[in-house]
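*Asks:*
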Amino acid sequence: CVTLLQIEFCIDLFLCFCFQAPAYHLILEGILILWIIRLLFSKTYKLQERSDLTLKEKEELIEEWQPEPLVPPVPKDHPALNYNIVSGPPTHIITVNGKECINFASFNFLGLLDNEKVKSAAQASLKKYGVGTCGPRGFYGTFDVHLELEERLAKFMRTEEAIIYSYGFATIASAIPAYSKRGDIVFVDEAACFAIQKGLQASRSNIKLFKHNDMADLERLLKEQETEDQKNPRKARVTRRFIVVEGLYMNTGDICPLPELIKLKYKYKVRIFLEESLSFGVLGEHGRGITEHFGINIDDIDLISANMENSLASIGGFCCGRSFIIDHQRLSGQGYCFSASLPPLLAAAAIEALNIMEDNPDIFQTLRAKCEHIHKALQGISGLKVVGESFSPALHLQLEESCGSRENDVKLLKRVVDYCMNSGVALTQACYLEKEEKCLPPPSIRVVITVEQTEQELDKAASLLKEAAQSVLN
Amino acid sequence: INHIVHNGGLYKRPFNEAFEETPMLVAVLTYVGYGVLTLFGYLRDFMRHWKIEKCQNATEREEQKDFVPLYQDFENFYNRNLYMRIRDSWNRPICSVPGAKVDMMERVSHDYNWTFTYTGRVIKDIINMGSYNYLGFAQNTGACQEAAAKVLSQYGAGVCSTRQEMGNLDKHEELEKLVARFLGVESAMAYGMGFATNSMNIPALVGKGCLILSDELNHASLVLGARLSGATIRIFKHNNMQSLEKLLKDAIVHGQPRTRRPWKKILILVEGIYSMEGSIVRLPEVIALKKKYKSYLYLDEAHSIGALGPSGRGVVEYFGLNPEDVDVMMGTFTKSFGAAGGYIGGKKELIDYLRTYSHSAVYATSMSPPVVEQIITSIKCIMGEDGTTIGEARVQQLAENTRYFRRRLKEMGFIIYGNEDSPVVPLMLYMPAKIGAFGREMLKRNIGVVVVGFPATPIIESRARFCLSAAHTKEMLDTALKEINEVGDLLQLKYSRRRLVPLLDRPFDETTYEETED
Numbered sequence: 001c002v003t004l005l006q007i008e009f010c011i012d013l014f015l016c017f018c019f020q021a022p023a024y025h026l027i028l029e030g031i032l033i034l035w036i037i038r039l040l041f042s043k044t045y046k047l048q049e050r051s052d053l054t055l056k057e058k059e060e061l062i063e064e065w066q067p068e069p070l071v072p073p074v075p076k077d078h079p080a081l082n083y084n085i086v087s088g089p090p091t092h093i094i095t096v097n098g099k100e101c102i103n104f105a106s107f108n109f110l111g112l113l114d115n116e117k118v119k120s121a122a123q124a125s126l127k128k129y130g131v132g133t134c135g136p137r138g139f140y141g142t143f144d145v146h147l148e149l150e151e152r153l154a155k156f157m158r159t160e161e162a163i164i165y166s167y168g169f170a171t172i173a174s175a176i177p178a179y180s181k182r183g184d185i186v187f188v189d190e191a192a193c194f195a196i197q198k199g200l201q202a203s204r205s206n207i208k209l210f211k212h213n214d215m216a217d218l219e220r221l222l223k224e225q226e227t228e229d230q231k232n233p234r235k236a237r238v239t240r241r242f243i244v245v246e247g248l249y250m251n252t253g254d255i256c257p258l259p260e261l262i263k264l265k266y267k268y269k270v271r272i273f274l275e276e277s278l279s280f281g282v283l284g285e286h287g288r289g290i291t292e293h294f295g296i297n298i299d300d301i302d303l304i305s306a307n308m309e310n311s312l313a314s315i316g317g318f319c320c321g322r323s324f325i326i327d328h329q330r331l332s333g334q335g336y337c338f339s340a341s342l343p344p345l346l347a348a349a350a351i352e353a354l355n356i357m358e359d360n361p362d363i364f365q366t367l368r369a370k371c372e373h374i375h376k377a378l379q380g381i382s383g384l385k386v387v388g389e390s391f392s393p394a395l396h397l398q399l400e401e402s403c404g405s406r407e408n409d410v411k412l413l414k415r416v417v418d419y420c421m422n423s424g425v426a427l428t429q430a431c432y433l434e435k436e437e438k439c440l441p442p443p444s445i446r447v448v449i450t451v452e453q454t455e456q457e458l459d460k461a462a463s464l465l466k467e468a469a470q471s472v473l474n
Numbered sequence: 001i002n003h004i005v006h007n008g009g010l011y012k013r014p015f016n017e018a019f020e021e022t023p024m025l026v027a028v029l030t031y032v033g034y035g036v037l038t039l040f041g042y043l044r045d046f047m048r049h050w051k052i053e054k055c056q057n058a059t060e061r062e063e064q065k066d067f068v069p070l071y072q073d074f075e076n077f078y079n080r081n082l083y084m085r086i087r088d089s090w091n092r093p094i095c096s097v098p099g100a101k102v103d104m105m106e107r108v109s110h111d112y113n114w115t116f117t118y119t120g121r122v123i124k125d126i127i128n129m130g131s132y133n134y135l136g137f138a139q140n141t142g143a144c145q146e147a148a149a150k151v152l153s154q155y156g157a158g159v160c161s162t163r164q165e166m167g168n169l170d171k172h173e174e175l176e177k178l179v180a181r182f183l184g185v186e187s188a189m190a191y192g193m194g195f196a197t198n199s200m201n202i203p204a205l206v207g208k209g210c211l212i213l214s215d216e217l218n219h220a221s222l223v224l225g226a227r228l229s230g231a232t233i234r235i236f237k238h239n240n241m242q243s244l245e246k247l248l249k250d251a252i253v254h255g256q257p258r259t260r261r262p263w264k265k266i267l268i269l270v271e272g273i274y275s276m277e278g279s280i281v282r283l284p285e286v287i288a289l290k291k292k293y294k295s296y297l298y299l300d301e302a303h304s305i306g307a308l309g310p311s312g313r314g315v316v317e318y319f320g321l322n323p324e325d326v327d328v329m330m331g332t333f334t335k336s337f338g339a340a341g342g343y344i345g346g347k348k349e350l351i352d353y354l355r356t357y358s359h360s361a362v363y364a365t366s367m368s369p370p371v372v373e374q375i376i377t378s379i380k381c382i383m384g385e386d387g388t389t390i391g392e393a394r395v396q397q398l399a400e401n402t403r404y405f406r407r408r409l410k411e412m413g414f415i416i417y418g419n420e421d422s423p424v425v426p427l428m429l430y431m432p433a434k435i436g437a438f439g440r441e442m443l444k445r446n447i448g449v450v451v452v453g454f455p456a457t458p459i460i461e462s463r464a465r466f467c468l469s470a471a472h473t474k475e476m477l478d479t480a481l482k483e484i485n486e487v488g489d490l491l492q493l494k495y496s497r498r499r500l501v502p503l504l505d506r507p508f509d510e511t512t513y514e515e516t517e518d
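Sequence lines, in order, name chains S and E.
The numbers in full-length UniProt numbering rise by one with no breaks, and the one at position 268 of the first sequence is 268.
The numbers in full-length UniProt numbering rise by one with no breaks, and the one at position 281 of the second sequence is 281.
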């Protein structure tokens, strides 16, 4: 009885409402109700299926489709296919393809590859831990050697924290995507190495290339970005910006103008990532890299990344900087979280190499003197020009005049290299992936200077190159 | 069209894989648990923002406070409020060889896991159920270690050059020939890092205009390699052959998305054993599909090489198939061989192409000589070429350990995912609090386990993952099982509704148990 009264009450209210509301209101409601009823009863349709192909036609398409072969055939005489075979350790005197030569091609700058102390530290580690770590850092792959190496590297570089990767290439290629995501902006030098390019590609950010070592060009790009920001300040407040440069460029042998970069950093509020693979253990009074070379406070650089495969003569890489920055990579660096950790014997070898670097700070001066020596000696070779700073231990020798096509240049340089190899000096051409590089450097011969090379050997190499250039290029 | 025959026609042995469904009550409670944690997370963030609670994160430099913030606050919400509470379950530092028993450095935290201090004490002889040591080659004594020591004193630790320049040692050539012989393929190439093998070679094989069909649960390295290549990626459901067939048909019939041009090539990316699920790929069906639709197969055997198959040659031998059917056989040396690095095996044209155009050969340093020697010695041991039967015995021991361990855990009533024969055993925990509790309780009882949660797994399916090893003896397994039983009762982890009647003293045979519904 009570519920009946309540229902009557509701219907009364509704009817009152209907009579009091204006006509257009009722018509609108009526149309809406009819539309809802129509939608509820109409059939749904999928956009993707195209039903205009019969089953037979589909079978025919599947039959007819021919894919490309998995890989295109590689011609047998392709220069990169036949590797030089090194028998024995790649140290100062190296046996390449059966011939003994002086090694001017391995990045063994401080000669630590066959250092007895380094080898015995690695042996001790091998006896204690075996070879592999059998797990990533998160799952029982963290050894006390790793923690010790990270502490030592952080102390050596005078930063708060360091993080180790098990592969040099993966270091910068995992570090950049950990911070820079889609929508962020990265200003990078044209001559950046391939690992940086892959890191940038994985990060999906906007890449802006500036001309090699050209601060005016970089400033122009930064100004352009500033005007863009003023159009859309809300977006600008969340877009991160980075500059990625190398301390000593692998592709051109010169250094970046770091003091100007620091000024630009504070003026336009951009963070700097510095890749120091070649300059770690080479530049600076104690080998701390380009920041020590220019006398800059290390906290001004947000992230320093380097690989341990050049001066430290081990395998792997590290990043160092403030804890605020480095700690993030422990959960978002792909090459750190999803990959097995560095074998302990290689970490022990790196620690011992660091010890040697700290105990003998005069080797850096010796290395630089040798670099100056050979830089002077290589001037004036007809047909070849020296590319690189006078104190850079990794130089390039490029053809003064190209003979038209890159292929022919490469062949010509190969003849020079073969001449030198036959006479006892091991050299190599700088190798690139021609189709994948953003700015392909011209073909060149790589000359690497180490502390173990004596003055006579340096002179011998220089005179041999002069001879080779004479006979091949003239 | 002749249908692909599932079970029976293509499989020469029973394929027993099970993923028991999450019980409804447990799922609801798990969501409630995460909800409570999220609420507390917001509360703590609020208190930290208004300086009621001390903020223990590292902060930006004073001079750079007006830069665009490097991290979004919300990105690290999970990190700050959930991960930080149970952070002591991961990154546990050890100080001995990662064999069946391991020594761990003790760490304590006085501020709820924000910082750790080392007490200096070493916890000895923890049973190691977390390291990927399937065949027990993580040793610091024995033939492998002696050979590696000799090579280390002769060659040194590093190489300092790339493969194409001056870094190609005679040891590398020896290794590659041996790997090719081991796998039964024409030729092989080795790289310094397993992750990099995938991320640097997939872009060399496929590019724009190609299609990649990748399993739902593929590893991060495969996903990164696929993304870097620039090809179109389509995902099929985990190990689901109907889903894969549908994608293949659609791809060939409809072509590229807007232009309708035919695809240049189609590459299927699968793994041998999926390390989070413990499942084995349905390789006979994948190969049948691949042949029917003329696509290429890339098989990542990171966990299955050495661990499956009567002589340890991997998942291809396990199913009795021909290695030439797999176009690209990739694997790593980290897990079963106790070293580091990866390899790719296949036809000679493929390997010649990779020698010329692989990113790793041109720009990355080659492998370290003692590591190479460890791999050479361990492969020879597995193949029996060093004159002993140690390798064969280990492969068999691993298979026995796997079957025994899985059977006992199922009898106890835990939910175990994956295939009967996979040495990776995920045990479901579900609730966030149990993740931390399981890890800590097992450590108290001297057993080291690996627990995984979001984002490596779906949010409600957190699990503990055991990795069995040929180095585990039956006593160690029994001790571990006893402790797992105890902890399972303590934390109420026995969710399974299907119980197996325990075998009485019959020999190991997976077909002779009865199944009853509880």
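Positions of the beta carbon are idealized from the N, C-alpha and C atoms, including for glycine.
Between the Cα of S/GLY98 and those of S/SER423, S/GLU437, S/ASN360, spot the shortest distance and give me the residue it belongs to.
*Replies:* For the purposes of this step, residue 98 of chain S is identified with residue 98 of the first sequence, where counting begins at 1. Closest by alpha carbon: S/SER423.
*Asks:* In chain order, what residues of the same chain lie with their CB nearer than 8 Å to the CB of S/LEU331, ignoring the 5 residues before and after it?
*Replies:* Here residue 331 of chain S refers to the residue found at position 331 of the first sequence. CYS337, listed in sequence order.
*Asks:* Take the Cβ of S/CYS371 as the centre, count every other Cβ of all protein chains shown within 10 Å, and call the residue buried at 16 or more, exposed below.
*Replies:* Taking the first sequence and counting its residues from 1, the one referred to as residue 371 of chain S is at position 371. Burial call: buried.
*Asks:* With a threshold of 16 other CB atoms inside 10 Å of the CB of S/GLY388, please say whether the residue is buried or exposed.
*Replies:* Taking the first residue of the first sequence as 1, we reach residue 388 of chain S at position 388. Counting Cβ neighbours within 10 Å, S/GLY388 comes out buried, since at least 16 surround it.
*Asks:* With 8 Å as the limit, tell me which residues of the segment 71-95 of chain E have their beta carbon closer than that to any beta carbon of chain S; keep them in chain order.
*Replies:* TYR71, GLN72, ASN79, TYR83, TRP90, ASN91, ARG92, PRO93, ILE94, CYS95
*Asks:* Within 8 Å, do at least three Cβ pairs link the segment 164-178 of chain S to the segment 182-195 of chain E?
*Replies:* yes
*Asks:* Just by C-beta distance, which residues in the segment 384-418 of chain S are closer than 8 Å to chain E?
*Replies:* none
*Asks:* Looking at the secondary structure, which residues open and close the beta strand (DSSP E) in which S/CYS319 lies?
*Replies:* For the purposes of this step, residue 319 of chain S is taken as residue 319 along the first sequence, with counting starting at 1. From DSSP, the beta strand (DSSP E) with S/CYS319 extends over 317-321.
*Asks:* Any idea what DSSP makes of S/ILE85, helix, strand or coil?
*Replies:* If you number the first sequence from 1, residue 85 of chain S lands on position 85. In this structure, S/ILE85 counts as coil in the three-state DSSP scheme.
*Asks:* Compute the distance between the beta-carbons of E/ILE375 and E/ALA339, then report whether it is under 7 Å.
*Replies:* Taking the first residue of the second sequence as position 1, residue 375 of chain E is located at position 375. Taking the first residue of the second sequence as position 1, residue 339 of chain E is located at position 339. Their beta carbons are under 7 Å apart, which means E/ILE375 touches E/ALA339 by this criterion.
*Asks:* Measure the alpha-carbon distance for E/PRO507 versus E/ALA147 and round it to whole angstroms.
*Replies:* Taking the first residue of the second sequence as 1, we reach residue 507 of chain E at position 507. Taking the first residue of the second sequence as 1, we reach residue 147 of chain E at position 147. With a pLDDT of 44 at E/PRO507, under the threshold of 50, the modelled position of this residue cannot be trusted, and the question is left open.
*Asks:* Might you give, ordered along the chain, the residues of its own chain that have their beta carbon closer than 8 Å to the beta carbon of S/GLU100, omitting 5 neighbours on each side?
*Replies:* Taking the first residue of the first sequence as position 1, residue 100 of chain S is located at position 100. Excluding sequence neighbours, S/GLU100 sits near ILE93, ILE94, GLY424.
*Asks:* Find the nearest neighbour of E/GLY384 within the set E/ILE212, E/GLU411, E/ALA231, E/PRO310, judged by alpha-carbon distance.
*Replies:* By 1-based counting over the second sequence, the position of residue 384 of chain E is 384. Of the listed residues, the one whose Cα sits closest to E/GLY384 is E/PRO310.
*Asks:* Anything in chain S within Cβ reach of E/PRO370, meaning under 9 Å, just list it in chain order.
*Replies:* Position 370 of the second sequence, counted from the first residue, corresponds to residue 370 of chain E. Ordered by position in chain S, the residues that pass the 9 Å Cβ test against E/PRO370 are ALA122, LEU126, VAL131, PRO343, LEU345, LEU346.
*Asks:* Name the two residues that bound the continuous beta strand (DSSP E) containing S/SER444.
*Replies:* For the purposes of this step, residue 444 of chain S is taken as residue 444 along the first sequence, with counting starting at 1. Its beta strand (DSSP E) spans residues 444-448.
*Asks:* Just checking, does the segment 312-319 of chain S make contact with the segment 284-295 of chain S on the three C-beta pairs under 8 Å criterion?
*Replies:* no
*Asks:* Keeping to the same chain, check which residues put their C-beta closer than 7 Å to that of E/LYS246; ignore five residues upstream and five downstream.
*Replies:* Locating residue 246 of chain E in the second sequence gives position 246, where the first residue counts as 1. So no residue of the chain qualifies.
*Asks:* Does the contact criterion of 3 or more C-beta pairs under 8 Å hold for the segment 352-359 of chain E versus the segment 277-287 of chain E?
*Replies:* no
*Asks:* Restricting to runs no shorter than 3 residues, where is the beta strand (DSSP E) found entirely within the segment 154-211 of chain E?
*Replies:* 187-191
*Asks:* Rounded to the nearest angstrom, what separates S/ILE325 and S/TYR266 at their Cα positions?
*Replies:* Along the first sequence, read from residue 1 onward, the residue named residue 325 of chain S stands at position 325. Along the first sequence, read from residue 1 onward, the residue named residue 266 of chain S stands at position 266. Using only the alpha carbons, I get a separation of about 18 Å.
*Asks:* Could you pull out every residue in the same chain whose Cβ sits closer than 6 Å to the Cβ of S/PRO441, ignoring the five residues on either side in sequence?
*Replies:* As a working note, residue 441 of chain S is residue 441 in the first sequence. Only ASN251 meet the Cβ criterion.
*Asks:* At the level of alpha carbons, what is the spacing between E/TYR298 and E/TYR318?
*Replies:* What you label residue 298 of chain E is simply residue 298 of the second sequence in a count that begins at 1. What you label residue 318 of chain E is simply residue 318 of the second sequence in a count that begins at 1. Taking the straight line from one Cα to the other gives about 17 Å.
*Asks:* Suppose you measure from the CA of E/THR377 to the CA of E/THR389; what does that come to, to the nearest Å?
*Replies:* Sequence index remark: in the second sequence, residue 377 of chain E carries index 377 (1-based). Sequence index remark: in the second sequence, residue 389 of chain E carries index 389 (1-based). If I take the Cα positions, the gap works out to 14 Å.
*Asks:* At a CB-CB cut-off below 7 Å, which residues of chain E make contact with S/GLY138?
*Replies:* Here residue 138 of chain S refers to the residue found at position 138 of the first sequence. Per Cβ cutoff of 7 Å: TRP90, ASN91.
*Asks:* State buried or exposed for S/PRO259, treating a residue as buried only when at least 16 other CB atoms are found within 10 Å of its CB.
*Replies:* The count along the first sequence starts at 1 and reaches residue 259 of chain S at position 259. The residue in question, S/PRO259, is exposed, as its Cβ has fewer than 16 Cβ neighbours within 10 Å.
*Asks:* So which of E/LEU490, E/GLY278, E/SER295 has the shortest CA-CA distance to E/GLU420?
*Replies:* As a working note, residue 420 of chain E is residue 420 in the second sequence. The residue with the shortest Cα to Cα distance from E/GLU420 is E/GLY278.
*Asks:* Going residue by residue through the segment 342-418 of chain S, where are the continuous beta strand (DSSP E) segments of at least 3 residues, counting only ones entirely within it?
*Replies:* 384-387, 394-399
*Asks:* What do you get for E/TYR42, buried or exposed, if any count of 16 or more other CB atoms within 10 angstroms of its CB means buried?
*Replies:* As a position in the second sequence, residue 42 of chain E is number 42, starting the count at 1. Classification for E/TYR42: exposed.
*Asks:* Roughly how far, in whole angstroms, is the beta-carbon of S/ILE351 from the beta-carbon of S/LEU149, given that I think they are within contact range, below 8 Å?
*Replies:* Working through the first sequence from its first residue, we reach residue 351 of chain S at position 351. Working through the first sequence from its first residue, we reach residue 149 of chain S at position 149. S/ILE351 to S/LEU149, Cβ: 5 Å. Contact.
*Asks:* Have a look at S/ILE449 and S/ASP362 and give me their C-alpha separation to the nearest angstrom.
*Replies:* Here the question's residue 449 of chain S lines up with position 449 in the first sequence. Here the question's residue 362 of chain S lines up with position 362 in the first sequence. Cα-Cα distance, rounded: 16 Å.
*Asks:* Residues of chain S with CB under 8 Å from E/MET105, in chain order?
*Replies:* Walking along the second sequence from the start, residue 105 of chain E turns up at place 105. What E/MET105 touches in chain S: ASP144.
*Asks:* Along chain E, in chain order, which residues have C-beta atoms closer than 8 Å to that of S/ASP327?
*Replies:* Here residue 327 of chain S corresponds to residue number 327 of the first sequence, with the count starting at 1. Chain E residues near S/ASP327: ALA58.
*Asks:* Could you check what DSSP says for E/CYS381 in three-state terms: helix, strand or coil?
*Replies:* Taking the first residue of the second sequence as position 1, residue 381 of chain E is located at position 381. Three-state result, E/CYS381: helix.
*Asks:* Of all the options E/ILE459, E/VAL450, E/ILE416, E/VAL452, which has the alpha carbon lying nearest to the alpha carbon of residue 540 of chain E?
*Replies:* Absent from the model: residue 540 of chain E. The displayed extent of chain E is 1 to 518, so no value can be given.
*Asks:* Thinking C-beta only, is E/VAL185 closer than 7 Å to E/GLY35?
*Replies:* In the second sequence, residue 35 of chain E corresponds to position 35, counting from 1. In the second sequence, residue 185 of chain E corresponds to position 185, counting from 1. It is not a contact, given that the beta carbons lie outside the stated cut-off.
*Asks:* Under 7 Å, Cβ to Cβ, is there at least one residue of chain E near S/THR227?
*Replies:* Taking the first residue of the first sequence as position 1, residue 227 of chain S is located at position 227. With 7 Å as the cut-off, S/THR227 does not count as an interface residue toward chain E.
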